[in-house]
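Written below as structure tokens is the structure these notes are about.
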Amino acid sequence: MRRTSHQIICIGSVLWDIIGRSPREMRVGSDMPGRITRLPGGVAMNIAMTLARFGLSPVLLTALGRDEAGQELINAAQDLGLLTDHIHISERPTDAYMAIEGANGLIAALADAHSLEGAGGAILAPLLNGTLGSTAVPYGGAIALDGNLTEALLSEIAASPAFAAADLRIAPASPGKAERLRAVIAHKGATLYVNLEEAELISGTTGLGTARAGAEALLGAGAQRVVVTQGADVACDACATEIHEAAPPKVIAKRITGAGDTFMAAHIAAEIKGLSRLNALEIAQKTAATYVAGDDNYV
């Protein structure tokens, strides 16, 4: 797709995904034949890679180690057209994510994001020192923000004048980190992208049953706008004045990791290009379904 000059800032995890996949159903303790891959990943990286496929020019704000793994990620990002000039380089090792997937979905995963968490506010420097924005002249464009950041840093972002004008698009990274997003839920420019389980955790409710119910619970908890997914079922985009729903195409799942990030990026790209909320939700559902089906031409 033709590249545009439009930039979006992606803040959060950029790391190596080590994914083991088996075509068979698995359970705890299973020992199955399959394939193991090592690919660039992390929520911010996954979102940025999909945005680039839509012709946008994402800027990465993250922390990488001063090591071979970190340099390989920078090279891979540059090859994809991502802007890496503002990445914070630390003495900590580059982060990694490991997951096991079977025909019945994600079995288990571990995210080692210690370098990102340890870097803290250093990754935000370009938005504070005038390079991309400042407290006096805040960045007013779209920012994709992931919940791998610490709760303290998310609270700082929510309160900082440097982020007051931003169109914040926020993902929790995983159910285990979802409750961190309570720190930014009420930001006037925030849109939360969560699955139903994460919606329950953030809102403090259970047994919601549908994406729409999850969205309504989050709005009741103070969110300004939410996009709630429920796997292969209907997704919901809701704010105080609008509610839209769309179902994804039915596909056979061949991969899981990165599906939510792909959905979020497709939705953001569609809205940046001026599509309606309903059309953007439909495109995001179709893009994520194509990705899950294993088609590398998902955009």
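All the letters of the sequence shown, read from the start, carry residue numbers 131 to 429 under this note's numbering. All C-beta atoms in this analysis are idealised placements derived from N, C-alpha and C, irrespective of residue type, glycine included.
Asked	Found
Measure the C-alpha to C-alpha separation of residue 246 and residue 325 and round it to an integer number of angstroms.	23 angstroms
For the pair the stretch 144-151 and the stretch 248-260, tell me if three or more CB-CB distances fall below 8 angstroms.	no
By DSSP's criteria, residue 170 is part of a beta bridge. Which residues make up the other side?	146
Relative to the alpha-carbon of residue 381, which residue among 371, 400, 375, 361 has its alpha-carbon at the smallest distance?	361
Would you please state the rounded distance, in angstroms, between the beta carbons of residue 347 and residue 329? I believe it to be under 8 angstroms.	6 angstroms
Based on Cα-Cα distance, which residue from 368, 293, 289, 357 lies nearest to residue 301?	357
Would you kindly check if the distance between the Cβ of residue 174 and the Cβ of residue 211 is under 8 angstroms?	no
Assuming residue 313 and residue 284 are in contact, meaning their beta carbons sit under 8 angstroms apart, how far apart are those beta carbons, in whole angstroms?	4 angstroms
When you compare the CB positions of residue 194 and residue 158, do they come within less than 8 angstroms of one another, or not?	no
So residue 331 is in the alpha helix (DSSP H); what residue range does that whole segment cover?	326-333
Of the choices 419, 307, 200, whose alpha-carbon is the least far from that of residue 171?	200
Taking C-alpha atoms, which residue in 364, 365, 372 lies nearest to residue 355?	372
I want to see whether chain B comes within less than 8 angstroms of residue 218, judged by CB atoms only; does it?	This model lacks chain B altogether; it includes just one protein chain.
Straight-line CA distance for residue 131 to residue 217?	With a pLDDT of 40 at residue 131, under the threshold of 50, the predicted position of this residue should be treated as unreliable, and no value is reported.
Determine the extent of the alpha helix (DSSP H) in which residue 309 is found, giving its start and end residues.	Premise fails: residue 309 is in no alpha helix (DSSP H) and is neither H nor E.
I'd like the span of the beta strand (DSSP E) that includes residue 285, first residue to last.	Looking at the DSSP string, residue 285 is not in any beta strand (DSSP E); the run it does join, the alpha helix (DSSP H), is 281-289.
DSSP three-state label for residue 253, please.	helix
Can you check DSSP and say which residues form a bridge with residue 188?	138
Please report the distance separating the alpha-carbon of residue 176 from that of residue 169.	10 angstroms
Could you tell me which of 388, 186, 281, 343 sits nearest to residue 128, measuring between CA atoms?	No statement about residue 128 is possible, as the shown extent of the chain runs from 131 to 429 and does not include it.
Which of the three DSSP states, helix, strand or coil, is assigned to residue 356?	strand
Helix, strand or coil, according to DSSP, for residue 421 in the structure here?	helix
To the nearest whole angstrom, what separates the beta carbons of residue 187 and residue 213, a pair I think is in contact under 8 angstroms?	6 angstroms
Which first and last residues belong to the beta strand (DSSP E) in which residue 202 is found?	Taken as a continuous stretch (DSSP letters only), residue 202 belongs to no beta strand (DSSP E), being part of the alpha helix (DSSP H) at 198-209.
Between 394, 224, 403, 344, which has its C-alpha nearest residue 298's C-alpha?	394
What does a CB cutoff of less than 6 angstroms around residue 236 pick up in its chain, not counting 5 residues either side in sequence?	386
Between the beta-carbon of residue 243 and the beta-carbon of residue 229, is there less than 8 angstroms?	no
Alpha carbon to alpha carbon, what distance is there between residue 406 and residue 291?	29 angstroms
For my contact list, residue 331 and residue 309 are in at a C-beta cut-off of 8 angstroms; report their separation, rounded to the angstrom.	6 angstroms
Using CA coordinates, which residue listed in 277, 375, 404, 231 is at the minimum distance from residue 383?	231
Starting from residue 218, follow the beta strand (DSSP E) in both directions and report where the run begins and ends.	218-220
Where does residue 315 fall in DSSP's three states?	coil
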